[in-house]
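K.L.:
Given below as structure tokens:
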């Protein structure tokens, strides 16, 4: 399972100037009340809590203050082969900057080593404009061009996040999904209150005990409540208007959400009897989408008394 | 202040849980075990509080699914923190102090193995200048360890001694993931992993759940003959900027310890997911050589995120219950490189 989202973050006055300077290959530090220069510049002085306003250029070369080896880099980190993360004390700064250092092996880096910035090919105004640091000679590197004055240009950054998860189903869920591959619907009964849950959820939310008894359920039931979807949205697969409904399978005590099709949206109603329309058997997988939708059976509506407990 | 005591503790720790990230299947038997220990049912619990994170589960509102394990009908009074459940216990303790409730069940859970934990953890960093680098949790600990090594605050041998003692002590802990009688030389013979850290210097990625019951006054005595009475409960936090603090010391742990009162402590369960962090914590708390450290094996031998801190409190309380300790200290940490620290002290009476 992949979870991906891009965080779009606006920058305050301090980070906006810091990022704008990076886009011009310049590093700025913030001068604190005690006179020390900190990179990246904090927005507020950690001791006096005053806003930091005095940003000063520092060198983009410096000294490794501490480092650690990254033997197994993952996608997104500054380098795609083993590298070091280091605290680098830039010349002119009093607190170190965390960044990557490109070296071949742990033997090629040491505390006290001089390094300098390798700038990214494309400068966008983010901490990644510094592609990484690389070993430098003992001669202090020239401080870069001066920053153009005027309004900062960079007012926001985008941080892409990609996370991957192996989603394991619980034993009850596994049974349910395997059943779907055979065209069957399995729920589980609470041994205390006798309620039947589908899909099964591992514990009865009323009694807090494992739901141990398996129950096979029919693929027909009653619409308990529904809504007509009129609003288009990104990724929508069916043309509105259409109906999403809670379907209470016969013998179950909890309704689940599915589509009601093959009927005019205006004709769907509470109590309507519906049945599952399955995909062709050869397309069945361990997926609830094996049921394409539910459609009316044509039976008389269920009596309100039979489902009022399940609304 | 009301007298509040730890009266129940149950845990599950494992390398990889074969089950859903809601951990309901772990929590149901844990709650049952606590009802067995206390003789109570869920109606005796006034307040429920949990610690977990959707970033581990990879799904939204996973803590709401976990409420199924309680059986929340009729509705229960419930709260949640996106932190180690030790902080959920702190919230519950404060709630009891207000007089609004007398009992609480606090639980934590997490399936860290579902994703790449060291990557997921970097999402807790400064989102502007650090997180975009994906500075992972192991690397930040490595930077911290190197700084202490370079400055002579500790050495490789001291780190290895922590590993050897932890794994040896964990041999008696059925829930430890990494355990066995290990010598100092065995540890030093291991190759470097994230230089300067060996794999054994880093806690194993762990899944698990745990829960604790606390209660005030007579309710506590009703649940257990010899409760572990909480004598101090404090937490302090430091700035998120890693370059704004000296990583070789823990001022927040020291401040928490001073406020909670560490005098007379004969046993400490310290939440140190990396070997050198135990050295920092011992120093911050001023624990002498006569204090028994992490008899459970500690977080180096199993570190389920969101419960490893709570487990320290449970393990320390267990030693008070059985009389091994007269006064015990438990510590929990949160945030990168020991940013946020909690100290809870308990005694038998």
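Residue numbers (this note's numbering), protein chains in the order written: chain A, 1 to 311; chain B, 1 to 349.
Quick reminder that beta carbons are idealized off the backbone N, C-alpha and C, glycines included.
All values derive from a computational prediction rather than experimental measurement.
1) Do the region 260–278 of chain A and the region 218–233 of chain A make contact, defined as three or more Cβ pairs closer than 8 Å?
2) Ends of the alpha helix (DSSP H) at residue 170(B)?
3) Check for me: the alpha helix (DSSP H) holding residue 311(B) runs from which residue to which?
4) Going by C-alpha to C-alpha distance, which of 113(B), 150(B) and 96(B) sits closest to residue 305(B)?
5) What's the C-alpha gap between residue 168(A) and residue 52(B)?
6) For residue 309(A) and chain B, any beta-carbon pair shorter than 7 Å?
7) Using a Cβ-Cβ cut-off of 7 Å, state whether residue 195(B) counts as contacting chain A.
8) Measuring alpha carbon to alpha carbon, tell me which residue in 145(B), 89(B), 207(B) and 256(B) is nearest residue 80(B).
9) Cβ of residue 119(B) less than 7 Å from any chain A Cβ?
10) At what residues does the beta strand (DSSP E) containing residue 185(A) begin and finish?
11) So which residues on chain B does residue 85(A) lean against when the C-beta distance must stay under 7 Å?
12) Start and end of the alpha helix (DSSP H) containing residue 24(B)?
13) For the region 40–54 of chain A, which residues have a beta carbon sitting closer than 8 Å to at least one beta carbon of chain B?
14) Any idea which residues DSSP pairs residue 193(A) with across the strands?
15) Return the first residue and the last residue of the alpha helix (DSSP H) that residue 120(B) is part of.
16) Please tell me whether residue 312(B) and residue 332(B) are closer than 7 Å, where the distance is taken between their beta carbons.
17) Can you give the Cα-Cα distance for residue 225(B) and residue 271(B), rounded to whole angstroms?
18) Residue range of the alpha helix (DSSP H) that residue 395(B) falls in?
19) Would you report the Cα separation of residue 254(B) and residue 247(B), rounded to the nearest angstrom?
20) Residues of chain B with CB closer than 9 Å to the CB of residue 74(A), please, in chain order.
21) Candidates 111(A), 154(A), 126(A) and 118(A): which alpha carbon is nearest residue 146(B)'s?
22) If the cut is a Cβ gap below 7 Å, which residues of chain B does residue 208(A) touch?
23) Which same chain residues end up closer than 6 Å to residue 294(A) when comparing Cβ atoms and leaving out the 5 residues on each side of it in sequence?
24) Nearest-angstrom Cα distance between residue 307(B) and residue 252(A)?
25) Relative to the C-alpha of residue 293(B), which candidate in 265(B), 217(B) and 124(B) has its C-alpha closest?
26) Of the residues 172(A), 290(A) and 282(A), which one's Cα is nearest the Cα of residue 210(A)?
27) From residue 8(A) to residue 128(B), what distance separates their C-alpha atoms?
28) Should residue 73(B) be labelled buried (16 or more other beta-carbon atoms within 10 Å of its own) or exposed?
29) What are the partner residues of residue 135(A), as DSSP defines its beta bridges?
30) Thinking C-beta only, is residue 324(B) closer than 7 Å to residue 166(B)?
31) Does the beta-carbon of residue 308(A) have 16 or more other beta-carbons within 10 angstroms, so that it is buried, or is it exposed?
32) Can you have a look at residue 120(B) and say buried or exposed, based on whether 16 or more other CB atoms are within 10 angstroms of its CB?
33) Leaving out five residues before and five after residue 260(B) in sequence, what residues of the same chain have Cβ atoms less than 8 Å from its Cβ?
34) What would DSSP say about residue 127(A), mapped onto helix, strand or coil?
35) How would you write the range of the alpha helix (DSSP H) that residue 271(B) sits in, first residue to last?
36) Reducing DSSP to helix, strand and coil, say where residue 282(A) ends up.
P.N.:
To lay it out plainly:
1) Short answer: they touch.
2) Segment 156–170, the alpha helix (DSSP H) holding residue 170(B).
3) Looking at the DSSP string, the run of the alpha helix (DSSP H) that includes residue 311(B) is 308–321.
4) For the residues 113(B), 150(B) and 96(B), the minimum Cα distance to residue 305(B) belongs to 113(B).
5) Rounded to the nearest angstrom, the two C-alpha atoms are 18 Å apart.
6) No, residue 309(A) lies away from the interface with chain B (no Cβ there is under 7 Å from its Cβ).
7) Residue contact with chain A for residue 195(B): present (Cβ-Cβ distance below 7 Å to some residue of chain A).
8) Minimum Cα distance to residue 80(B) is reached at 89(B).
9) Judged by the 7 Å Cβ criterion, residue 119(B) is in contact with chain A.
10) Per DSSP, residue 185(A) belongs to the beta strand (DSSP E) from 185–189.
11) By Cβ distance, chain B contributes 135, 139 and 143.
12) Its alpha helix (DSSP H) spans residues 24–38.
13) If the cut-off is 8 Å between Cβ atoms, the region 40–54 of chain A has 40, 42 and 46 near chain B.
14) According to DSSP, residue 193(A) bridges with nothing at all.
15) Residue 120(B): member of the alpha helix (DSSP H) spanning 117–120, first to last residue.
16) Going by C-beta atoms, residue 312(B) is nearer than 7 Å to residue 332(B).
17) Pairing residue 225(B) with residue 271(B), the inter-Cα distance amounts to about 28 Å.
18) No answer is possible for residue 395(B): the residues shown for chain B start at 1 and end at 349.
19) Cα to Cα, residue 254(B) sits roughly 13 Å from residue 247(B).
20) Within chain B, the residues near residue 74(A) are 116, 118, 119, 134 and 136.
21) Nearest neighbour of residue 146(B) by Cα position, chosen from 111(A), 154(A), 126(A) and 118(A), turns out to be 111(A).
22) Residues of chain B passing the Cβ test: 28, 31, 42, 69, 70 and 71.
23) Here residue 294(A) has 247, 258, 260, 274 and 276 as same chain residues with Cβ atoms under 6 Å from its own Cβ, once five neighbours each way along the sequence are excluded.
24) Their backbone Cα atoms lie some 36 Å apart in a straight line.
25) Per the Cα distances, 265(B).
26) Ranking the options by Cα distance to residue 210(A), first place goes to 172(A).
27) In a straight line, the C-alpha of residue 8(A) is about 10 Å away from that of residue 128(B).
28) Residue 73(B) counts as exposed, since fewer than 16 other C-beta atoms from the protein chains shown sit within 10 angstroms of its C-beta.
29) Note: residue 135(A) is bridge-paired with 115(A) in the DSSP secondary-structure output.
30) In terms of Cβ geometry, residue 166(B) and residue 324(B) do not form a close pair [threshold 7 Å].
31) Classification of residue 308(A): exposed, given that the 10 Å Cβ count is below 16.
32) It is buried - the Cβ of residue 120(B) has at least 16 other Cβ atoms within 10 Å.
33) So the list reads 231, 232, 233, 234, 329, 343, 344 and 345, once near-sequence residues are dropped.
34) In the structure shown, residue 127(A) adopts helical secondary structure according to DSSP, grouped into three states.
35) Under the DSSP assignment, residue 271(B) falls outside any alpha helix (DSSP H); it carries neither an H nor an E label.
36) DSSP places residue 282(A) in helix when its eight states are reduced to three.
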